[in-house]
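**Student:** I'd like to ask you about the structure that follows.
Numbering (UniProt numbering), first residue to last: 1 to 332.
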């Protein structure tokens, strides 16, 4: 079980009623708290939890409308996302309890100061390298709206500047990261047909591909509901069309693709994970048409070429700059 959930179980008497667990990891906590429900925005975790606990699990960028006696937020990595989530929960809980749980190395002690907006917070427990904080919501905020929290920036592109709309918690919030900037400079001669932007984030790669190749069908996939919401806003801001998919990795992608383009993720929370990208590299050929290709950017130190060579029989480096490389492989 996740150590944060273990800390909650140390205080289980506080969570016996209808409590909402926000950002709940894919563990068995709901099995020990029969009146609790979960709310999450990670499609991978939600798939596991929904498979075990069904309609007790909710998914999306807004909390479910059901009334609850209390709520717990599992602290996310991004502080601006934490602020939004706390406001969204506190708006539902005037006069009731709001809890915050997180790992010490994830910044729980500093983030607990955010609770001062709603009342007087106190630390309830410290164990498993985690802390649990509580506040009675004396000053409930209005329910927040996501669009006003968006950050917008422009990216030079053929046909005019592309407007990117980023939301709290989305990768490289409010700016163009160096890896994506390098990839955007190397999108020449993409195949015609159906292109997937894998790990789309705010949608800058998929939107630029649709701008450059308007006759192509473009799909944008991400595991995070906030990324899909941002990518939707980015497409709308530029008058572009695309298929949005919130799914757990390449297994949720369409079949018979002509191309996959990606700045794939390898971080999750305060931990480093490579599984989603390794799965992409090993299985991408299964989703590609003959002569389809995968093109991606990655930090130079990541050993992705052997995985591409294993799946495709070859891998070529198209460019390198600022500690990043562009790799390409084509299917038979």
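Don't be surprised by glycine CBs; every beta carbon is placed ideally from N, CA and C. Note that the structure is predicted; figures quoted are calculated from it, not measured.
Leaving out five residues before and five after residue 212 in sequence, what residues of the same chain have Cβ atoms less than 6 Å from its Cβ?
**Tutor:** Result list for residue 212: 158, in chain order.
**Student:** Leaving out five residues on either side along the sequence, give the residues of the same chain with a beta carbon under 8 Å from the beta carbon of residue 85.
**Tutor:** Correct list, in chain order: 22, 23, 73, 76.
**Student:** Going by the C-beta, is residue 134 closer than 6 Å to any heavy atom of the ligand FMN?
**Tutor:** Inclusion of the ligand FMN in the displayed structure is not the case, the ligand content being empty and no account of it being possible.
**Student:** Compute the distance between the beta-carbons of residue 19 and residue 68, then report whether it is under 7 Å.
**Tutor:** Yes. Within cutoff.
**Student:** Which one of 51, 59, 70 has the shortest CA to CA distance from residue 333?
**Tutor:** With the chain covering 1 to 332 only, the question about residue 333 has no answer from this structure.
**Student:** What residues are listed by DSSP as bridge partners for residue 299?
**Tutor:** In the DSSP output, where bridge partners are listed per residue, residue 299 has 324.
**Student:** Helix, strand or coil: which one does DSSP assign to residue 124?
**Tutor:** Reduced to three states, the DSSP call for residue 124 is strand.
**Student:** What three-state label does DSSP hand residue 35 in the structure shown?
**Tutor:** Three-state DSSP puts residue 35 in coil, outside helix and strand.
**Student:** Quick one: Cα of residue 121 to Cα of residue 96, how far?
**Tutor:** If you take the alpha carbons of residue 121 and residue 96, they lie about 13 Å apart.
**Student:** Counting only the same chain and skipping the five closest in sequence on each side, list residues whose C-beta sits under 7 Å from that of residue 42.
**Tutor:** The answer, listed in chain order, is 223, 224.
**Student:** Roughly how many angstroms lie between the CA atoms of residue 203 and residue 164, to the nearest whole one?
**Tutor:** Those two C-alpha atoms are separated by around 7 Å.
**Student:** Assign residue 331 to one of two classes, buried (16 or more other C-beta atoms within 10 Å of its C-beta) or exposed (fewer than that).
**Tutor:** Residue 331 comes out buried.
**Student:** Grab the span of the beta strand (DSSP E) containing residue 245 for me, first residue to last.
**Tutor:** Taken as a continuous stretch (DSSP letters only), the beta strand (DSSP E) holding residue 245 covers 243 to 246.
**Student:** Quick one: Cα of residue 317 to Cα of residue 62, how far?
**Tutor:** In a straight line, the C-alpha of residue 317 is about 41 Å away from that of residue 62.
**Student:** Just to confirm, are residue 91 and residue 141 a CB contact at a threshold of 7 Å?
**Tutor:** A contact, by the Cβ cut-off of 7 Å.
**Student:** Out of 281, 108, 59, 311, point me to the one whose CA is closest to residue 302's CA.
**Tutor:** Minimum Cα distance to residue 302 is reached at 281.
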